[in-house]
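The sequence shown: position 203 = 203 (the UniProt record's numbering), numbered continuously.
Take a look at the structure below.
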Amino acid sequence: MSTIGNQLQPEILPTSRSSNTATTTIAINDHAAANNKQRNYQVFPGQNRFFCQGRLMTSREYWAFLTALVILLVPSALFFAFTCPWLWINIHPSVPIIFAYLFVLAMASMLKTSWTDPGIVPRNLHPMSTTARDHNRYSVSYDDMWPQNMPLPKEVQVKDQIVRLKYCDTCQLYRPPRASHCRQCNNCVENEDHHCIWLNNCIGRRNYRSFFVFVTVATLMCFYAFAFSFVHVYTLFTSKYPYSFVDALAAAPLSFVVFLLCFVLMWSVGGLSGYHCYLVMRNVTTHEQLRNSVMSRPYPPNPFNFGNAVSNFWYVLCRPQPKSYIGRRKQFVPSSPYPSAVDNNTSEPVWNYG
């Protein structure tokens, strides 16, 4: 068995001859045949886990995600079981129905954010051995201080500004503008905002919208449950029956527990929601905001800002979601220089710099 271009080649073995005519048979290696049936997700080099034959993907740390799931489920279950029946009878049936809608929306957006490809950039788009030669636009002469295989700077124009692209040695590519390499997932992610340990995934271009919906709806749920749990306890306390405050707590103890839990949670979740509203209004990622906070003023202008909050909100949250670049369910092609591109005939995705 010989190896050419990283692809196993079958050997041709001679067999019996008859009437001076040679016939040959091709011995096919079973291991190579098995490899040809592999999918991209089965050989994916990042620190991710795939489920349902590559349809779902997430990171490898589950404890924080399970903790966040418990934090969402426990107060919601207590509110449904012990407060909603009283609200249904004494306030209006629409009150628990609205909370149920918010709960379903929060769960759906949480799971979508956690189990979606965040916008992972395919690897080996610009191998280092050829990148230095192909992009020598500055006529740099190589020497011992600048090895020949070291990639040179590359720049693109975004609107009327020049943006320098960073080269990722791990992924062997020039990162698109606003992309970052996540050390937890070991991938470059387009428009990466941050790596969220609570959702066990990077937050990037393909799942930022669902992340924003999740934190916003979770904030609304906290305020909603906080307010109506208070209404439950306060109504019992001020009713015509001889209820003292202690009697009211004894009559609805778990409503008071939900009241306290939501009071604690709404500060952290609400603060996160407000912070991301601020970022979206300026069309800035968390990485870019933190980077600017340690830079001396004046900050460099943001070429991605459309000039007003409405346009930025529309662009970040309402633009079409791109397809996954890594084609994780496609058949793995060992000889392809771009085994994880959307289309095997596409050498490099077309990045949207806007």
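Positions of the beta carbon are idealized from the N, C-alpha and C atoms, including for glycine.
Given the structure is predicted, the values throughout are model-derived calculations rather than measurements.
The alpha helix (DSSP H) enclosing residue i, as first and last residue numbers
i    : result
L265 : 253–282
L72  : 63–78
F99  : 94–114
N187 : N187 -> not in any alpha helix (DSSP H); beta strand (DSSP E) instead, spanning 187–189.
C84  : 84–90
Residue i - containing beta strand (DSSP E), residue span
i    : result
R164 : 161–165
H181 : 180–182
I203 : 201–203
T58  : 56–58
R209 : No beta strand (DSSP E) contains R209, which is instead part of the alpha helix (DSSP H) from 208–238.
V316 : Note, V316: premise wrong, no beta strand (DSSP E); alpha helix (DSSP H) at 309–318.
C196 : 194–196
F51  : 49–51
K154 : 154–158
Own chain partners of residue i with C-beta closer than 6 Å, once the 5 adjacent residues on each side are dropped
i           : result
R329        : R39, G54
N187        : G46, I120
S109        : S210, V213, F214
residue 428 : Here the chain comprises residues numbered 1 to 354, so residue 428 is not present and cannot be evaluated.
C171        : R123, C188
I197        : A64
G204        : P118, G119, V189, E190, N191, E192
L56         : W115
Integer Cβ distance of residue i from residue j, believed to fall under 8 Å
i    : j    : result
M281 : N312 : 6 Å
H194 : T286 : 4 Å
L165 : L125 : Actually they are not in contact, since the Cβ atoms of L165 and L125 sit about 11 Å apart, beyond 8 Å.
Beta-carbon spacing of residue i, residue j below 7 Å
i    : j    : result
C168 : C182 : no
T113 : S180 : no
Y41  : F50  : yes
W88  : P75  : no
P118 : Y325 : no
M128 : P153 : no
F80  : A225 : no
N200 : T58  : yes
N308 : N283 : no
K159 : P303 : yes
R206 : Q321 : yes
Residues of its chain near residue i, where Cβ-Cβ distance is below 7 Å and the 5 sequence neighbours each way are ignored
i    : result
I268 : With the sequence shown as reference, residue 268 is identified as Ser, and Ile is not the correct amino acid for it. Excluding sequence neighbours, S268 sits near nothing in its chain.
L272 : V215
H276 : F212, V215
I162 : E155
V217 : L102, L105, A106, S109
T219 : M266, V269, G270, S273
F263 : F226
8 Å Cβ shell around residue i - same chain, five flanking residues per side excluded
i    : result
I91  : F228, V231
V233 : A248, L249, A252, S255, F256, F259
I71  : L265
A68  : M110, W198, L199
F223 : C262, M266, G270
T235 : N90
- Are the stretch 254–270 and the stretch 218–235 in contact at 8 Å, needing three or more beta carbon pairs? Yes, the stretch 254–270 touches the stretch 218–235.
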